[in-house]
């Protein structure tokens, strides 16, 4: 077990397994729900995540391809292909760094990309608000799993 754990692996209770099941099932349901919302606007779930990674990045100049790869837990060359496909849709734009290293490419959202991301983000925030009790399930010993 990791440091700070409340139970050792040998002493996990039925309730702890039940809470973990509830939490993991809820996460999977959220991911499937999110995939469907992205598909409704013509995106893959990974393209949606790309748009969010660009908009959520703290540097106003936009993230580099390497930073996007980190956010998506993906390989650099796979992210480049994802960016190519999303750029063809007119949702992202590349811009080369001025000055020191012109090999570095930063990404920004186009107006169309901003609009799609804003609409997806609004419904996702609503859904997360609805699912807030799911996170509490890890601390609540009375929550039982429900098939959904």
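Residue numbers (the working numbering): 1204 to 1351. Note that the Cβ used here is the ideal one computed from N, Cα and C, for glycine as well.
Supposed contact pair residue j and residue i - C-beta distance, whole angstroms, cut 8 Å
i            : j            : result
residue 1270 : residue 1280 : With 8 Å as the limit, residue 1270 and residue 1280 do not qualify as a contact, their Cβ atoms being about 15 Å apart.
residue 1268 : residue 1283 : 6 Å
residue 1329 : residue 1236 : Contact doesn't hold; Cβ gap of about 11 Å is too wide.
residue 1250 : residue 1241 : 7 Å
residue 1285 : residue 1234 : Rounded, the Cβ-Cβ distance is 18 Å, inconsistent with contact.
Span separating the alpha-carbon of residue i from that of residue j
i            : j            : result
residue 1315 : residue 1227 : 34 Å
residue 1333 : residue 1326 : 11 Å
residue 1216 : residue 1256 : 38 Å
residue 1223 : residue 1229 : 10 Å
residue 1318 : residue 1244 : 11 Å
residue 1205 : residue 1225 : Residue placement at residue 1205 is flagged as unreliable, the pLDDT there being 47, under the threshold of 50; the coordinate-derived value follows with that caveat. Taking the straight line joining both Cα atoms gives about 21 Å.
residue 1264 : residue 1276 : 21 Å
residue 1273 : residue 1219 : 32 Å
residue 1287 : residue 1335 : 35 Å
residue 1231 : residue 1238 : 11 Å
Coarse secondary structure for residue i, derived from DSSP in three states
i            : result
residue 1289 : helix
residue 1312 : strand
residue 1261 : coil
residue 1249 : helix
residue 1303 : coil
residue 1333 : helix
N- and C-terminal bounds of the alpha helix (DSSP H) containing residue i
i            : result
residue 1228 : 1217–1243
residue 1268 : 1268–1275
Where the beta strand (DSSP E) through residue i begins and ends
i            : result
residue 1296 : 1295–1299
Exercise. Are the region 1304–1314 and the region 1280–1295 touching by the rule of at least three beta carbon pairs closer than 8 Å?
Worked result: Verdict: yes, contact present.
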